Each structure stands twice: as structure tokens, then as C-alpha cells.
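Chain order of the listed sequences is A and B. Numbering-wise (the working numbering), the first sequence opens with residue 22 and increments by one. Numbering-wise (the working numbering), the second sequence opens with residue 22 and increments by one. Every residue gets a Cβ at the ideal spot worked out from N, C-alpha and C, and that includes glycine. Please read all numbers here as calculations on a predicted model, not as lab measurements. Written below as C-alpha cells is the structure these notes are about.
Protein chains: 2
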Amino acid sequence: MHTDCTGEKTARPGESEIVVIAETFRLLGDPTRLKILLECLDGAVSVGEIARRIDASQSLVSHHLRLLRAARLVKGTRQSKQVYYEADDHHIRHIVSDMVAHAAESEDTQ
Amino acid sequence: MHTDCTGEKTARPGESEIVVIAETFRLLGDPTRLKILLECLDGAVSVGEIARRIDASQSLVSHHLRLLRAARLVKGTRQSKQVYYEADDHHIRHIVSDMVAHAAESEDTQ
DNA sequence: TTTACATATGAATACGTGTTGATATGTTGG
DNA sequence: CCAACATATCAACACGTATTCATATGTAAA
């Protein structure tokens with residue numbers, strides 16, 4: 022994983038970009054929303070099925086999906102009655118998997 | 022970047038891990054904390070210099086650094102009077118740079 | 001030890017937001 | 001049309017937390 026780590030410095034974003042990026046990170050910072058996003062990583066899932074899988078109310082899931090959609094973390098496509106949601110792009114998968122690795126490392130090292 | 026994207030599914034973390042991961046994401050979800058972390062990406066910086074660079078009070082920076090340290094996002098080493106902080110590991114850089122890329126893509130596509 | 005500097009901690013407040021319950025919108029079939 | 005289902009939106013409460021100010025701890029020089 023991540024073979025091309027040649028120590029390149031990350032370009033510093035401007036003030037307005039930082040706010041947007043932080044806003045996006047903040048969305049991942051809620052356990053319920055993170056669960057919803059995790060369910061959307063392996064393919065398109067309907068709202069109702071997400072609610073069932075993570076054991077949350079339909080209203081709550083819909084609220085969170087609205088936020089995730091606004092930040093382009095997920096995208097939804099209507100198919101008759103139901104709306105199927107899935108992760109927007111590949112960056113999201115990398116971000117989540119990197120964070121999982123970080124958390125696992127912390128537990129190991131500690 | 023990220024050349025080895027062979028469509029592998031991300032392993033689903035358990036409930037307790039999800040809470041930890043969300044907690045870590047949440048820390049990145051505050052603009053001030055994100056700025057602090059960004060300053061720590063390119064090398065070790067003292068608390069006072071961070072405060073000066075991002076134009077925040079010393080107390081606030083110290084409070085945030087305490088949280089970032091607890092989540093192993095940064096690590097600090099004392100050198101006489103000052104304490105120098107830097108990003109804990111390489112995952113953090115990837116996570117941040119991926120999110121920057123995601124934000125940039127969103128603006129382009131939109 | 002005293003003085004000055006750098007960092008950490010404590011308490012209090014103001015603000016945002018996750019969650020719930022009820023309701024509205026949209027879609028398909030009878 | 002109406003009824004049944006899926007999703008979205010609205011209003012309101014409860015709770016966490018980012019920030020500030022004051023103070024404590026730690027470190028080095030005089």
C-alpha cells in the first residue's frame with residue numbers, strides 16, 4: 022500500500038479550503054455517520070437497508086445521508102421507490118482504510 | 022499516487038473500533054486543530070511558533086495539542102524550554118492529502 | 001533563590017449539532 | 001382516484017465542546 026512515499030510535502034491549503042476540509046472530516050467524526058459511510062463502501066445500498074444494518078431510525082439515516090451527500094462523500098441514485106447510496110470516489114476508501122490502519126497501529130504499539 | 026487500487030474491500034471494523042476511528046476523524050474536523058496538524062506535517066514545530074503561524078492563543082493551541090497527542094496524531098519532544106510537535110506517522114499525511122485531493126476534485130467537478 | 005520565559009491545566013461560557021417524533025414528498029400498484 | 005411503501009424534511013430538545021481567562025507547572029539564566 023502507498024508505495025510512492027517519497028517524502029513530498031503536502032501543499033498548504035488556504036483558509037477557505039481548510040474550513041471545507043475540516044467540515045468534511047467532521048462528517049466522518051460521528052460514529053453513526055461513519056457506520057453509514059462504511060455500509061456504502063462496498064456497493065450501492067438503499068436507505069432502509071442501511072437503517073436496518075446499523076440499527077438506526079430511517080429518519081436519522083436520511084438526515085445523515087443528506088449531509089454526506091452535500092460533502093460529496095456519497096452519491097445516491099433513485100431506482101423506483103428506493104434510493105441507493107454508495108461512496109462517491111476512491112479517495113474516501115483510502116482515507117477510511119488509512120485511518121483504520123492508524124487506529125490498529127496505535128493499539129499494537131500501545 | 023495510490024497505484025495499487027485493486028478494488029479490495031475494506032474490512033469492517035467492530036463497534037468499539039468505529040468509535041475510536043470516528044473520534045480520531047472528529048479531531049480533524051475542527052479548522053483550528055486541522056491548521057495545527059498541518060503545521061506539524063512538514064517537521065517539528067514549537068507550540069509558540071504554531072500559535073504565531075495560525076494566529077491563535079497559546080492556551081488554545083496547547084489544549085488542542087493535548088487532544089491530538091492523545092489520539093496519536095502528533096507526538097511532542099521537549100528540547101529545553103520548548104516542546105516540538107510533529108505528525109505521528111505517515112498515515113496522517115496520506116489521510117490529509119487524500120482529503121485535500123477530494124476537496125479539490127469536488128470544486129473542479131462542480 | 002528569584003526572575004523570565006514556554007507550556008500545560010482548570011473552570012466557565014456560548015454555541016453547534018446529533019437525535020427523536022411527527023409530517024411531507026415522492027413512487028408504484030390496484 | 002386511493003392506499004401502501006420509501007424517503008425526505010421540519011421543529012425541538014439534550015448534550016458535547018471550542019474558546020477564553022486565569023493560573024499552575026516546568027525550564028533556564030542571573
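Which runs of the alpha helix (DSSP H), 4 residues or longer, sit entirely within the region 54-89 of chain B? Qualifying alpha helix (DSSP H) stretches, in chain order: 68-75.
Per DSSP, the bridge partner or partners of Lys96(B): Beta-bridge pairing links Lys96(B) to Glu107(B).
Pairing CB atoms from the region 106-114 of chain B with CB atoms from the region 57-69 of chain B, are three or more of them under 8 Å? Yes, they touch.
Please classify Val121(A): is it buried, with 16 or more other beta-carbons within 10 angstroms of its beta-carbon, or exposed? Of the residues assessed, Val121(A) falls on the buried side of the cut-off, its CB having 16 or more other CB atoms within 10 angstroms.
Quick one, are the C-beta atoms of Val104(A) and Ser67(A) less than 8 Å apart? Contact: yes.
Answer yes or no: does any C-beta atom of chain A fall closer than 8 Å to that of Gly50(B)? Interface residue, yes.
Taking three-plus beta-carbon pairs below 8 Å as touching, is the region 69-79 of chain A in contact with the region 81-92 of chain B? Cβ pair count under 8 Å is below three, so no.
Other residues of its chain near Val95(B): CB distance less than 7 Å, five sequence neighbours each side excluded: Contacts found: Leu58, Cys61, Leu86, Leu89, Tyr106, Glu107, Ala108, Asp109.
Can you confirm whether Ala72(B), when its beta carbon is compared against all beta carbons of chain A, has any partner nearer than 8 Å? Under the 8 Å criterion on CB atoms, Ala72(B) is classed as non-interfacial with respect to chain A.
Quick one: what does DSSP say Arg114(B) is sitting in, helix, strand or coil? Looking at Arg114(B) - three-state DSSP - the assignment turns out to be helix.
Please classify Arg118(A) as buried or exposed, where buried requires at least 16 neighbouring CB atoms within 10 angstroms. A small fix is needed here, since residue 118(A) is Ser in this sequence, not Arg. With a threshold of 16 other beta carbon atoms within 10 Å, Ser118(A) meets it and is buried.
How should Gly50(B) be labelled, buried or exposed, when 16 other C-beta atoms within 10 angstroms of its C-beta is the threshold for buried? Result: buried.
Using a C-beta to C-beta distance shorter than 7 Å, which residues of chain A count as neighbours of Asp76(B)? Within 7 Å Cβ-Cβ: nothing; Asp76(B) doesn't reach chain A, min ~10 Å.
To the nearest whole angstrom, what separates the beta carbons of Ile116(A) and Ile39(B), a pair I think is in contact under 8 Å? Under the criterion of beta carbons closer than 8 Å, Ile116(A) and Ile39(B) do not qualify as touching, at roughly 15 Å.
Could you tell me whether any Cβ in chain B is nearer than 8 Å to the Cβ of Ala124(A)? Taking 8 Å as the CB threshold, Ala124(A) lines the interface with chain B.
In chain order, what residues of the same chain lie with their CB nearer than 8 Å to the CB of Ser83(A), ignoring the 5 residues before and after it? Contacts found: Val68.
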